[in-house]
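Counting from 82, one number per residue, gives the positions in the sequence shown under our numbering.
Where a beta carbon is used, it is the ideal one built from N, C-alpha and C, also for glycine.
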Amino acid sequence: MYLPVRLHQYTFHSNKLENLNKITSLIEDSDAYVDIFPEYCMGVPEGGLTRAYVIENAESIEGNFVNKILECVEKRSSIAIFTMYLREEDDIYNAAVLVDKGKVKSIYKKIHLFDAYGYLESSIFSSGNQVSMISLNGIKVGLAVCFDLRFPELFRYMAYKGVDAFVVPSGWYKGKFKLEQWKTLATCRAHENVSFLIAVNQTNPLFIGHSLVASPFGNVLKECDSEEQSLTIKLDCSLIKKARETIPVIKLSKPSLYNKLYSEII
Numbered sequence: 082m083y084l085p086v087r088l089h090q091y092t093f094h095s096n097k098l099e100n101l102n103k104i105t106s107l108i109e110d111s112d113a114y115v116d117i118f119p120e121y122c123m124g125v126p127e128g129g130l131t132r133a134y135v136i137e138n139a140e141s142i143e144g145n146f147v148n149k150i151l152e153c154v155e156k157r158s159s160i161a162i163f164t165m166y167l168r169e170e171d172d173i174y175n176a177a178v179l180v181d182k183g184k185v186k187s188i189y190k191k192i193h194l195f196d197a198y199g200y201l202e203s204s205i206f207s208s209g210n211q212v213s214m215i216s217l218n219g220i221k222v223g224l225a226v227c228f229d230l231r232f233p234e235l236f237r238y239m240a241y242k243g244v245d246a247f248v249v250p251s252g253w254y255k256g257k258f259k260l261e262q263w264k265t266l267a268t269c270r271a272h273e274n275v276s277f278l279i280a281v282n283q284t285n286p287l288f289i290g291h292s293l294v295a296s297p298f299g300n301v302l303k304e305c306d307s308e309e310q311s312l313t314i315k316l317d318c319s320l321i322k323k324a325r326e327t328i329p330v331i332k333l334s335k336p337s338l339y340n341k342l343y344s345e346i347i
C-alpha cells in the first residue's frame, strides 16, 4: 500500500489572509492525498513571532482560517495537516490540525514550547498536555510540532500506541549546527521508533527549509533544499513491516522497567 503525501515548504509572512490563500491554492493544485504544511503558517512578522501578533491573529477552531481549508479539502476529498494559533477561552496554543474530507479529525497543541536559543515561546503560547494520534487508511499517524523533535519520550509513547508515521510541522530557525541537528533528530526519531517521519519546515528568511521524509530504517527518502517548493512522495507502507521485522526494538523494549526507573526521578 502506498500513501501519497505532499510537503509544502514555503515562507508564511505576516499577512494571514495571504497565507490562507496560499494554503488553499496549494491544496487545490496538489496531486497528493495528504497535504502537509509547516509550523506558524498563519504567519510570522519580519522580526519574528510576538505575543501581540499572535493575539491579533489567533482564531478558534470554528474560525474562518480553518473553515476555508475545510471547504478546500472537502472539494478534493483529501486530507490536510496545517498549523494555527488556536484560541480557546483565555489560552492561545500553537496547534497542528488534521482535517479529513471537510471535518476536523485531530488537534495537537504543542507540548514542548521553544524556550531555547534566546527564544521564549512560552511567553506567547500556552502549552498542550495531550498526544494526538489518528488512523488514515490503515496507517496510524502521530502529530508533533518542531521543538518536540528534541524530546524522544513523546515519540516513543506514540510508537508504543502503534503509530506508523510521525508528522512534524516545523519552524526550525537558522543558526549554528541547526541544519545538522534537524536532520539528525528527524532521522533518529524515525529509526528508533521504526516509523516514517515527515518533517515540513518553513524557509527563508528566518528558517532553514530542508523539509524531509525519513524512513523506518533511518534514511532520508526525499529532502528539499532551502528554497520554496512542494515535494510529493508515495510512502511505501510495506517498509514499516519490513523494518519492524528486521529491527524489532519496540517489541524488545521494556516499558514497565522504564516506568519504574522514571518513578524514581519524578
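request  = Give the single residue among S204, N96 and A225 whose Cα lies nearest to the Cα of A271.
outcome  = A225
inquiry  = Let's see if you can read the secondary structure: which residues bound the beta strand (DSSP E) around L107?
reply    = That residue, L107, is in no beta strand (DSSP E); its alpha helix (DSSP H) goes K97 to E109.
message = Can you tell me whether F277 is buried or exposed? The criterion is at least 16 other CB atoms within 10 Å of its CB, across all chains shown.
response = buried
task = Quick one: give me the first and last residue of the beta strand (DSSP E) that T284 is part of.
result = Where T284 is concerned, there is no enclosing beta strand (DSSP E), given that its DSSP letter is neither H nor E.
inquiry  = On the DSSP letters alone, give me the boundaries of the beta strand (DSSP E) that Y174 sits inside.
reply    = D172 to D181
ask   = Looking at A324 and V275, is the spacing between their C-beta atoms short of 9 Å?
value = yes
query = Should P286 and T164 be called a contact, given that it needs their Cβ atoms to be closer than 9 Å?
reply = no
task = Just confirm the distance between the C-beta atoms of Y254 and Y198, as a whole number of angstroms; I'd bet it's less than 8 Å.
result = 7 Å
ask   = Any idea if Q211 is buried or exposed, counting beta-carbon neighbours within 10 angstroms, 16 or more meaning buried?
value = exposed
ask   = Based on Cα-Cα distance, which residue from M123, V248, V135 and L266 lies nearest to N300?
value = L266
message = Just to confirm, is the Cβ distance from V125 to T313 under 9 Å?
response = no
inquiry  = Just to confirm the assignment, what range does the alpha helix (DSSP H) spanning V86 have?
reply    = No alpha helix (DSSP H) holds V86; the beta strand (DSSP E) holding it covers Y83 to Q90.
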